[in-house]
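Numbered per my numbering, the sequence shown finishes at 198, counting up by one with no gaps.
Every residue, glycine too, gets a C-beta built ideally from N, C-alpha and C.
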Amino acid sequence: MKLTVSLAAMIAALLTYSSTLNAAEHSLSLGYTQEKLDSVKLHGADIKYRFEWGSPWSVISSLSFQTKEIGNISAGQQAITSGSGRVKMASLMAGPALRFNEFFSLYGLAGLNKVRLNQQWKMNRTDGNGTLTEQQFTDTFQHLSPVISLGTQINPLSSVVVDFSYSVARPKVGDTRYNLNVLSLGVGVKF
């Protein structure tokens with residue numbers, strides 16, 4: 008008896024939820040991101056999902072990921088330093104969107120941005136006697152910081168979404184805070 012009542016309640020809830028979802032509109036866009044972390048440029052991808060329920064207000068979420076390989080070699084009078092590293096960034100945001108008409112809407116997002124830097128350095132040094140010494144260093148930095156974004160979604164056709172956004176954050180790598188600026192351009196579908 009309990010099983011039958013539980014199954015009936017679950018089926019009723021699923022039917023109610025699915026009819027609500029069918030009455031709603033969804034949009035999904037995939038985009039290209041370009042980030043500038045002070046002088047380092049990163050490229051990556053961005054995916055946005057929007058849920059509209061018949062009101063001018065709706066909810067939108069965003070997930071983005073960027074990566075960059077970095078390398079550096081410097082030579083001094085008594086030392087040669089070479090290094091390499093990898094910067095990875097990811098952000099997760101959500102917020103409200105306001106539809107002005109069937110073609111145009113604005114949104115604001117807030118969330119968290121994670122920066123991870125892995126680097127390896129190798130230093131070859133000679134002293135005054137010509138003796139060569141080699142040292143190796145490995146560092147890993149991680150930081151979680153708030154990120155905000157403003158954007159627009161344009162619907163040139165009823166089932167096509169063009170998305171543009173600008174995001175800012177101030178992540179910390181080591182003891183230094185950096186300015187992070189992100190531009191994202193995406194195209195998707197509305198269903």
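If you measure between the beta carbons of S71 and S112, is that distance less than 8 Å?
The residue you call residue 71 lines up with position 64 of the sequence shown. The residue you call residue 112 lines up with position 105 of the sequence shown. The answer is no: Cβ separation not under 8 Å.
What does DSSP give as the partner residues of R177 in its beta bridges?
Within the sequence shown, the letter at position 170 stands for residue 177. Looking at the DSSP assignment, R177 forms no beta bridge with any residue, so it has no partner.
Reference N79, options P63, S65 and Q126, closest by Cα
In the sequence shown, residue 79 corresponds to position 72, counting from 1. Among P63, S65 and Q126, the Cα nearest to that of N79 belongs to Q126.
Is L151 closer than 8 Å to L44 when the C-beta atoms are compared?
Counting from one through the sequence shown, the residue named residue 44 turns up at place 37. Counting from one through the sequence shown, the residue named residue 151 turns up at place 144. If you check the CB distance, L44 and L151 do not come in under 8 Å.
Comparing C-alpha positions only, which one of Y114, F148 and F198 sits nearest to L164?
Position 157 of the sequence shown holds residue 164. Closest option to L164, Cα to Cα, is F198.
Runs of alpha helix (DSSP H) lying entirely within the segment 143–173, each at least 4 residues, in chain order
If we require 4 residues or more, the segment 143–173 turns out to have no alpha helix (DSSP H) run fully inside it.
Assuming I67 contacts A104 (C-beta within less than 8 Å), just tell me the rounded distance between them.
Start at 1 with the first residue of the sequence shown, and residue 67 comes out as number 60. Start at 1 with the first residue of the sequence shown, and residue 104 comes out as number 97. Contact flag correct, Cβ pair sits at about 5 Å.
Would L35 and K75 be called neighbours here (beta carbons separated by less than 8 Å)?
One-based indexing of the sequence shown puts residue 35 at position 28. One-based indexing of the sequence shown puts residue 75 at position 68. In terms of Cβ geometry, L35 and K75 do not form a close pair [threshold 8 Å].
Less than 6 Å between C-beta atoms, sequence neighbours within five positions excluded: which residues of the same chain meet that for F148?
Position 141 of the sequence shown, counting from 1, holds the residue named residue 148. Closer than 6 Å at the Cβ level, and outside the excluded window around F148, lie L124, V180 and G181.
Give the DSSP-derived three-state secondary structure of W60 in the structure shown.
The residue labelled residue 60 in the question sits at position 53 within the sequence shown. In the structure shown, W60 sits in coil (DSSP, three-state: anything other than H, G, I, E or B).
How big is the Cα-Cα spacing for K55 and Y114?
Along the sequence shown, one-based indexing puts residue 55 at 48. Along the sequence shown, one-based indexing puts residue 114 at 107. In a straight line, the C-alpha of K55 is about 12 Å away from that of Y114.
Are L190 and P153 closer than 8 Å when you measure CB to CB?
One-based indexing of the sequence shown puts residue 190 at position 183. One-based indexing of the sequence shown puts residue 153 at position 146. Cβ distance not < 8 Å, so L190 and P153 don't count as in contact.
Spatial neighbours of I77 within its chain, please: CB distance less than 6 Å, with the 5 preceding and 5 following residues excluded, ordered by chain position.
Reading the sequence shown from its first residue, position 70 is the one you call residue 77. Same-chain partners within the cutoff: G92.
Could you name the residues of the same chain whose beta carbon sits closer than 6 Å to that of F144, not counting the 5 residues immediately before and after it, in chain order?
Your numbering for residue 144 matches position 137 in the sequence shown. Within the same chain, F144 has close Cβ partners W128.
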